[in-house]
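Asker: full-length UniProt numbering puts the first residue of the sequence shown at 1, with every later residue one more than the last. Glycine included, every Cβ here is placed at the ideal spot set by N, Cα and C. Encoded as structure tokens, here's the structure I'll be asking about.
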Amino acid sequence: MNHRPAGGIEIFPATAGWATDEDGIRVQGRSAEGPFTVLITRAGLAALVGRDRCELSASMAWTLFERFSAKIAALIEREHAARPASSIRIDYADVERVG
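Following this line, the structure appears as structure tokens:
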């Protein structure tokens, strides 16, 4: 099932894949402006639970991606609204700003 936050973007969780080159999960989305790609880094996923990146295995990162999908979608919505782009990166600092 696709996730559609209130702001009108759509996230496609079925497209999620591990981005080895950037140490995170890459997922596709779409907005009124067109398609975009999001990378949420392992550090960003770790920040969701107040951990350091080195404390998080790839399998735990996947678990957090699934468990916090609504919060991640809200982060993507906020980042896309602030800076619409075809590529969005969510890292530790981005998650910390939201709290």
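Using alpha carbons as the reference points, say which of Leu56, Ala46, Glu55 lies closest to isoleucine 90.
Answerer: If we check each option's Cα against that of isoleucine 90, Ala46 comes out closest.
Asker: For arginine 67, does the count of other Cβ atoms within 10 angstroms reach 16, so buried, or fall short, so exposed?
Answerer: Classification for arginine 67: exposed.
Asker: Can you have a look at alanine 14 and say buried or exposed, based on whether 16 or more other CB atoms are within 10 angstroms of its CB?
Answerer: Its Cβ having fewer than 16 others within 10 Å, alanine 14 is exposed.
Asker: Is DSSP giving arginine 42 helix, strand or coil here?
Answerer: Three-state DSSP puts arginine 42 in a helix.
Asker: Please work out which residues of its chain come closer than 8 Å, Cβ to Cβ, to methionine 1, disregarding the five sequence neighbours upstream and downstream, and give them in chain order.
Answerer: Because methionine 1 sits at a pLDDT of 46, beneath the cut-off of 50, its placement in the model cannot be relied upon, and the following sentence gives the value as read from the coordinates. Excluding residues within five positions, the ones whose Cβ falls inside 8 Å are Pro13.
Asker: Closer than 8 Å by C-beta to glycine 34: which residues in its own chain qualify, once you throw out the five before and the five after it? Chain order, please.
Answerer: Closer than 8 Å at the Cβ level, and outside the excluded window around glycine 34, lie Ser86.
Asker: For glutamate 77 and isoleucine 9, I'd like the C-alpha separation in whole angstroms.
Answerer: Answer to the nearest angstrom: the Cα atoms are 7 Å apart.
Asker: With distances taken Cα to Cα, identify the nearest neighbour of arginine 53 among Ala73, Lys71, Ala93.
Answerer: Answer by Cα proximity: Ala93.
Asker: Using only CA atoms, which one of Gly50, Ala82, Pro84, Arg42 lies nearest to phenylalanine 65?
Answerer: Checking every option, the nearest Cα to that of phenylalanine 65 belongs to Arg42.
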